[in-house]
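**Q** Below is the structure I would like to discuss, written out as structure tokens.
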Amino acid sequence: MAINRDTTLDWITRFAGEMGEHRQELVRLDTAIGDGDHGTNMNRGMQKALEKLQSAEQPDPGAVLKTVAMALVSSVGGAAGPLYGTLFLQMGAALAGQAEVDLPAFAAAWRKGMEGVQSRGKAQPGDKTMLEALLPAVEALEQASDLDSGLSAAVTAAEQGMNATTPLVARKGRASYLGERSAGHQDPGATSTFYLFKSAAEALAD
Amino acid sequence: MAINRDTTLDWITRFAGEMGEHRQELVRLDTAIGDGDHGTNMNRGMQKALEKLQSAEQPDPGAVLKTVAMALVSSVGGAAGPLYGTLFLQMGAALAGQAEVDLPAFAAAWRKGMEGVQSRGKAQPGDKTMLEALLPAVEALEQASDLDSGLSAAVTAAEQGMNATTPLVARKGRASYLGERSAGHQDPGATSTFYLFKSAAEALAD
Amino acid sequence: MKKLINAPDAVVADALRGVQAAHGDRVRVTFDPYMVVRADAPVQGKVGLISGGGSGHEPMHGGFVGPGMLDAACPGEVFTSPTPDQMLEATKAVNGGAGVIHIVKNYTGDVMNFEMAAEMGKGDDIEVETVLTNDDVAVEDSLYTAGRRGVGVTVLVEKICGGAADDGRNLHEVAELGRRVNAQGRSMGMALTPCITPASGEPSFELAEDEVEIGIGIHGEPGRFREKIGPASQVAERLTTPILEDLPFSSGDKVLAFVNGMGGTPLLELYIVYAEVAKIASEHGLTIERNLIGNYITSLEMQGCSITLVKLDDEMVRYWDAPVNTPALRWGA
Amino acid sequence: MKKLINAPDAVVADALRGVQAAHGDRVRVTFDPYMVVRADAPVQGKVGLISGGGSGHEPMHGGFVGPGMLDAACPGEVFTSPTPDQMLEATKAVNGGAGVIHIVKNYTGDVMNFEMAAEMGKGDDIEVETVLTNDDVAVEDSLYTAGRRGVGVTVLVEKICGGAADDGRNLHEVAELGRRVNAQGRSMGMALTPCITPASGEPSFELAEDEVEIGIGIHGEPGRFREKIGPASQVAERLTTPILEDLPFSSGDKVLAFVNGMGGTPLLELYIVYAEVAKIASEHGLTIERNLIGNYITSLEMQGCSITLVKLDDEMVRYWDAPVNTPALRWGA
Ligand SMILES: Nc1ncnc2c1ncn2[C@@H]1O[C@H](COP(=O)(O)OP(=O)(O)O)[C@@H](O)[C@H]1O
Ligand SMILES: Nc1ncnc2c1ncn2[C@@H]1O[C@H](COP(=O)(O)OP(=O)(O)O)[C@@H](O)[C@H]1O
Ligand SMILES: [Mg+2]
Ligand SMILES: [Mg+2]
Ligand SMILES: [Mg+2]
Ligand SMILES: [Mg+2]
């Protein structure tokens, strides 16, 4: 089976749900090592994205992701706005015009999206950012043999990457201002990225 | 026995001691229905008074009280500065030049001082001010037959007057801003006035 | 108590040292007695304006000393009115031969100390007039009480009288104008939190996490009542309604609206309150001709705000707009 | 959480309504996207200056829009940098044909959003230069990290660049001057209390009754360390020493000293701190040529202060002194 417009919409709708449900959790994580707005930012942005998706016909997965990207860029702000905006923008561009998306195409799109995040944020693996969840998850997808197992492997990898941020000392983003004091806290952006893969897997599962 | 320069100095020294010792109590009372500075004000003023008394030879009781008055007027501020300043100023003027002060002269001086407080502050008995303690104490002195018993009667009267301020609704001073909410609290100025008589009695007792 | 101070009893002197270091080019600061005086005082032929009051209300009054506003300020200890000798000294320092006005907030202590200063100054034949401010509608007005407190309107009286004095108006005219501003002005304040005086170290009152105190003064006195906190729109309504009920106005009147912070409330919130005040004013047909928003007459670190409305006439507007050049209020210069 | 607001997610819009009601004669306020723009923008032939950042730092930046300072400000949500479309709109709104400068505080979010705005704007051939501020010595500087935060110096860059732009200096000159001010400026801040964002409702960190947090930013981020509170003289020393160790200066240099309040600290205390800063400066042979004291770059209702020192040259002094006419900073006009 493959990813089409409806599964993509389902994915985004689920992700928006997660951001609403876990808003306070993300705020708490960001309060500890940042400025406490990540949950509010992501929730505001994904609500905006749902609005925009309703307001215009979405021909294919690429169009959906491009719409989400523009909504995030113009409503989130902070670090997460450009980062998630770029992620979805690059993925959308990679999938432009395809009605059905198979595993290789999907993995390639994630790779492009991740490269966008990296060139936008200049973060390296180990800097304690969303990349810690994004990179292993994308690699898991690339190594998978089918979409279903690939996505569940990606979720596991994202979750491990998220947990692995806790001991790290942040070198990028607001948390880096704390220096050593940033260690011992889970990174909020890596956490929202975990939910992004989780909702993708769930959307495809049923 | 009569009041001379040394008993007057002893009285003032004891009053300064009381103001230092009960500073926080007066602050607490003034915090409840005023602005919380009465104890600090009186303590600052009486310390200044002691300084001034040291710095210049004090020929007689009147001179001592005049010196205290000037120190209070120029260092206390607030309502208490002019009120206690006027009280001591009028008493000092009434006793001017007398080396020895007997009961009638002392009582007459207190009467003059109280009239000064009244014309300065325009308060009536019942307005919940220092007058509640001052007026009955002065009357007790006037009715007494000798200084010792007169002063202890004055202390009792001042104490009763002080306690009687609690149920009153303030009509003068900062406490009047609270309207009905000023009832149920003891007036700070009446309390410092009680200590003024208490220290006078103690100074004469020994 | 957590404060940026060296010692509770050094607060006023240390702050004045800061004023001297920062503004020594424009004001002369003296420490015995405490005074902040225009560097070029006395200005010959100009009516002198002095005010004074307890410290803890900064920038009032010291921050308002300069061309177009006060000639001198007499700071007392925190929340304690200054003493007669300060006012006497200040009066002499600013007397340019045209007389001196004492702008006095109606508090028993302030009034009595300024009275004594006037009595003590009788000898030096300086003509002195007193302008008393008593604009706080939270306090019932009555002949038998200390009367209403002087609050927000004091800042406006100092500015407008300053403009008139600069314009060469005489002692009586400037004083009358000041009294008119006070008569046309009303204020009311509220607090989200109490304040703590350095000397006492204790909160001036206790408020629950969801309570606000309505009708407070500027000395941490408790207010007239407390209630559960509501939206800014409700707070604005609570403060503005008693003002409008007390201030004789008719639809079409022009007003100056002053939203003042108590010291610990961020500007962001004061602008939210101002938006509500503007809405209420227009609902009553009032035109806000001029406005002032910020921390100008404060109560240490107290969180909260006060609202002042003054019915304007052309003369007031003219002298409000006149150039002013002080550390805390400056325009046209 | 006790605040003078209507609803947590209405804070920015409601405050902007207040700005519009209060200053509609001098600024144009838009709500989609959020912008505060000089009423007379674009000024033909003048370099346009825009800045932006999260809300909660008022008066920065909206209060600095006007002749002699910013042409436009882009307010984001509380503590959240604004979005590229705001910056793009503002850039177009203030372009008078001489190019536009983006004054950006060095935070990952601010930097990336302004970057995207610049990329998106490539088409409209408006020449854009960016001036990045990163003056916070509390943050270790390193190539591998996000680098230092932009804090107090931002206010001074906005004023000095504003003066230069008014004086007809070209895009490159104004940008270079701004970069020089940043390069010559250092800041450090501390907090007595945390702040509470309306959205989270929780304190940004916990401090004991006798503790202070040293090296905080302006977003409620925890600082570098905490310690028992000491006298103001010690606080001033804690903040000034790292600045002086980092700022290449020699005895005899002229500096601008900026003592900034974090929003909840009364002016009385800021002047006490300033007195200590002046003392330390003179001990190091520095002459404080100019000073600024007050709440200019704040962190909601946080109590605390920051100190900024900038080594001045004649050009900086000239443009600092140049007339400015904004709601929050005004002189010579
Ligand atoms: N340079 C960067 N590269 C990748 N991710 C980053 C970078 N900087 C920050 N992030 C991510 O952004 C998250 C914070 O997002 P958010 O709180 O919304 O923005 P802000 O820090 O501006 O308040 C961090 O937890 C981190 O995962
Ligand atoms: N008009 C008045 N007449 C007599 N006593 C007064 C009057 N007003 C106030 N007082 C007394 O002064 C006391 C308060 O003194 P204090 O706190 O030092 O001054 P302030 O009220 O200016 O802070 C009151 O408790 C009251 O006893
Ligand atoms: Mg954040
Ligand atoms: Mg008192
Ligand atoms: Mg007092
Ligand atoms: Mg943020």
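Protein chains in written order, with the working numbering: chain A, 1 to 206; chain B, 1001 to 1206; chain C, 2001 to 2333; chain D, 3001 to 3333. Idealized CB from N, CA, C, for every residue including glycine.
1. Identify the residues that DSSP records as bridge partners of residue 2102 of chain C: which are they?
2. Using beta carbons (cut-off 9 angstroms, strictly below), is residue 3135 of chain D in contact with chain A?
3. List, in chain order, every chain D residue whose beta-carbon is nearer than 9 angstroms to that of residue 120 of chain A.
4. Can you tell me whether DSSP reads residue 194 of chain A as helix, strand or coil?
5. Kindly indicate which three-state DSSP category residue 2233 of chain C falls into: helix, strand or coil?
6. Please compile the residues from chain A whose C-beta is within a distance smaller than 8 angstroms of the C-beta of residue 3057 of chain D.
7. So, does the CB of residue 1172 of chain B fall closer than 9 angstroms to a CB anywhere in chain C?
8. What does DSSP give as the partner residues of residue 3292 of chain D in its beta bridges?
9. Name the residue from D/3259, D/3102 and D/3272 whose alpha carbon lies nearest to the alpha carbon of residue 3158 of chain D.
10. With hydrogens ignored, establish whether the beta-carbon of residue 3051 of chain D is closer than 8 angstroms to any heavy atom of ligand 5.
11. Looking at residue 2079 of chain C and ligand 5, is the gap between the Cβ and the nearest heavy atom below 8 angstroms?
12. Is residue 1 of chain A buried or exposed, if buried means 16 or more other CB atoms sit within 10 Å of its CB?
13. Ignoring anything shorter than 3 residues or poking outside the segment 2009 to 2051 of chain C, list the beta strand (DSSP E) runs there in chain order.
14. For residue 163 of chain A, name the three-state secondary structure that DSSP assigns.
15. Can you name, in chain order, every residue of its own chain whose Cβ lies under 6 angstroms from the Cβ of residue 1043 of chain B, other than the five neighbours on each side?
16. Count Cβ pairs between the segment 1070 to 1077 of chain B and the segment 1104 to 1114 of chain B that sit closer than 8 angstroms; are there 3 or more?
17. Along chain C, which residues have their Cβ under 7 angstroms away from the Cβ of residue 1082 of chain B?
18. Would you check if the segment 2297 to 2314 of chain C and the segment 3027 to 3047 of chain D touch, i.e. whether three or more CB-CB distances between them fall below 8 angstroms?
19. Looking at chain C, which residues of the segment 3234 to 3263 of chain D have a Cβ within less than 8 angstroms of any of its Cβ atoms?
20. Using a beta-carbon distance below 9 angstroms, is residue 3197 of chain D in contact with chain C?
21. If you draw a straight line from the alpha carbon of residue 1967 of chain C to that of residue 2060 of chain C, how long is it in whole angstroms?
22. Taking 9 angstroms as the CB-CB limit, is residue 2102 of chain C close to chain B?
23. If you measure from the CB of residue 2168 of chain C, is any heavy atom of ligand 2 nearer than 8 angstroms?
24. Which residue comes first and which comes last in the alpha helix (DSSP H) that contains residue 3315 of chain D?
25. Is residue 1083 of chain B near ligand 2 - that is, is its Cβ less than 8 angstroms away from at least one heavy atom of it?
26. Alpha helix (DSSP H) containing residue 1094 of chain B: first to last residue?
27. Using only the alpha-carbon positions, how far apart do residue 2199 of chain C and residue 2329 of chain C sit?
28. At a cut-off of 8 angstroms, would you count residue 1079 of chain B as near ligand 5, judging by its Cβ distance to the nearest heavy atom?
29. Going along the chain, which residues of its own chain have a beta-carbon closer than 6 angstroms to the beta-carbon of residue 2195 of chain C, five neighbours each way excluded?
30. Run the CB neighbour count on residue 62 of chain A, radius 10 Å, all protein chains shown included, and call it buried at 16 or more, exposed below.
31. Can you tell me whether DSSP reads residue 2334 of chain C as helix, strand or coil?
32. Does ligand 8 have a heavy atom nearer than 8 angstroms to the CB of residue 3198 of chain D?
33. Quick one: Cα of residue 1094 of chain B to Cα of residue 3291 of chain D, how far?
34. Taking the alpha carbon of residue 3004 of chain D as the reference point, which residue from C/2141, C/2137, C/2192 and C/2201 has its own alpha carbon closest?
35. Give a yes or no on whether the minimum CB-CB distance between residue 2067 of chain C and chain B is below 9 angstroms.
36. Can you give me, in chain order, the residues of the segment 2137 to 2157 of chain C that have a beta carbon less than 7 angstroms from any beta carbon in chain B?
**A** Short version:
1. C/2050 and C/2130
2. no
3. 3112, 3115 and 3116
4. helix
5. helix
6. Those do not exist, as residue 3057 of chain D stays about 12 angstroms from chain A at its closest Cβ, beyond 8 angstroms.
7. yes
8. D/3258
9. D/3102
10. no
11. yes
12. exposed
13. 2027 to 2031 and 2034 to 2038
14. helix
15. 1019, 1020 and 1023
16. no
17. 2112, 2113 and 2116
18. no
19. 3235 and 3263
20. no
21. As shown, chain C starts at 2001 and ends at 2333. That puts residue 1967 of chain C outside it, with no answer to give.
22. no
23. no
24. 3314 to 3321
25. yes
26. 1080 to 1094
27. 29 angstroms
28. yes
29. 2204, 2220, 2299, 2300, 2301 and 2302
30. buried
31. The structure shown does not extend to residue 2334 of chain C, since chain C is modelled only from 2001 through 2333, so no value can be given for it.
32. No copy of ligand 8 occurs in the structure displayed; its ligands are ligand 1, ligand 2, ligand 3, ligand 4, ligand 5 and ligand 6 alone.
33. 55 angstroms
34. C/2192
35. no
36. 2139, 2140, 2144, 2145, 2146 and 2149
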